[in-house]
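Those letters in the sequence shown? Residues 22 to 251, by the numbering used here. Glycine included, each C-beta is placed from N, C-alpha and C at the ideal position.
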Amino acid sequence: MSQATTEQIFYILFGVAGALWMLSLWMSLRIGQIRFSSWQDYEQFHGPSGEVSVKSSKDAFLPQLRKALREQAMKANMVKFSSYDEDESGVSYKRLGALMCNLPNGLIFREVRFDYVEERGQGKIRYQLNVMPAIRVFRNVSLAICLFVGVPLLILVPALIWYFVVQSQNQYVRYQVFQMLQMGHFLWMPFLFAMVSRQISRASSFYIENVIEEADELENGSEDKSSTSC
């Protein structure tokens with residue numbers, strides 16, 4: 022391989038590595054940036070939100086919600102839900118226990134707020150999750166990799182390749198310019214953390230929506246049994 026060709030390959034690979042680093046830094050900075058609903062009133066909660074239609078009334082639903090959460094906590098066997106900030110519109114729960122260790126993705130949230138609203142005669146449960154304690158860990162680790170591993174790599178590896186490979190008089194040594202591709206082993210990690218953080222948010226939403234539907238079924242099931250016994 023000629024030296025001119027080696028230099029061209031070097032510049033191309035260095036440009037690709039720089040673009041990949043900037044993209045990974047951008048994705049790391051975006052970890053945890055979640056769009057809020059227009060009705061969101063709890064600024065301390067940072068996470069996904071949504072609403073689920075229910076058949077139960079508010080007074081009948083909230084006790085069943087507490088029961089459904091308790092049953093889910095018993096299944097996980099490592100968490101406990103504690104209620105607080107209960108008012109006329111709804112209630113908040115804090116998940117106690119480990120933050121991430123040995124927990125399914127759906128349980129990696131710290132707090133959740135439930136509000137019962139009625140629109141056109143249809144009851145709805147609006148929920149807001151706080152997943153930021155877990156997401157912050159992924160964001161900090163991802164940024165640390167970009168800044169404290171990615172930046173030194175972008176300086177040190179190209180410098181060594183340029184000095185020992187590109188400038189070598191041995192044409193077979195110049196083929197080692199492709200070793201710059203090894204930087205990809207470190208630059209892909211922020212993409213992994215970004216994907217995992219999105220999965221945590223999505224799984225937490227699915228988990229809470231399943232709890233709401235289970236609580237609604239428990240209440241409607243108990244009403245059906247009472248009407249049958251009568």
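Can you grab the Cα-Cα spacing for the pair residue i / residue j, in whole Å?
{"i": "LEU46", "j": "TYR32", "result": "21 angstroms"}
{"i": "VAL232", "j": "GLN54", "result": "25 angstroms"}
{"i": "GLU235", "j": "VAL158", "result": "31 angstroms"}
{"i": "MET216", "j": "ARG131", "result": "20 angstroms"}
{"i": "TRP60", "j": "ILE182", "result": "Note on TRP60: pLDDT 46, under 50, position unreliable in the model; no value is reported."}
{"i": "TYR148", "j": "VAL198", "result": "54 angstroms"}
{"i": "THR26", "j": "VAL100", "result": "60 angstroms"}
{"i": "VAL200", "j": "LEU124", "result": "Val is not the amino acid found at residue 200; the sequence shown has Gln there. Roughly 39 angstroms separates the two Cα atoms."}
{"i": "GLU238", "j": "SER113", "result": "21 angstroms"}
{"i": "PRO84", "j": "LEU90", "result": "10 angstroms"}
{"i": "ILE221", "j": "GLU109", "result": "30 angstroms"}
{"i": "ILE52", "j": "MET22", "result": "43 angstroms"}
{"i": "SER58", "j": "HIS67", "result": "Here the model assigns SER58 a pLDDT of 47, short of 50, so the residue's position is not dependable, and the following value carries that caveat. In a straight line, the C-alpha of SER58 is about 11 angstroms away from that of HIS67."}
Helix, strand or coil, according to DSSP, for residue i in the structure here?
{"i": "ILE129", "result": "coil"}
{"i": "GLU139", "result": "strand"}
{"i": "LYS76", "result": "coil"}
{"i": "LEU117", "result": "strand"}
{"i": "SER23", "result": "coil"}
{"i": "GLY53", "result": "coil"}
{"i": "LYS246", "result": "Low local confidence applies: a pLDDT of 45 at LYS246 is under 50, so the model's placement there is unreliable, and no value is given."}
{"i": "ASP106", "result": "coil"}
{"i": "LEU124", "result": "coil"}
{"i": "ALA40", "result": "helix"}
For residue i, which beta-bridge partners are listed by DSSP?
{"i": "GLY149", "result": "What sits at residue 149 in the sequence shown is Gln, not Gly. Its beta-bridge partners are SER70, ARG134."}
{"i": "VAL112", "result": "PHE135"}
{"i": "LYS101", "result": "LEU117"}
{"i": "GLY144", "result": "VAL75, GLU139"}
Any chance the CB of residue i is under 7 angstroms from a heavy atom of the ligand NAD?
{"i": "ASP80", "result": "This structure simply doesn't include the ligand NAD, nor any ligand for that matter."}
**Message:** Counting beta carbon pairs with one atom in the segment 165-173 and one in the segment 183-199, are three or more of them shorter than 8 angstroms?
**Reply:** no
**Request:** Note down, one range per segment and in chain order, each beta strand (DSSP E) of at least 3 residues found wholly within the segment 164-227.
**Result:** Restricting attention to beta strand (DSSP E) runs no shorter than 3 residues, the segment 164-227 encloses none.
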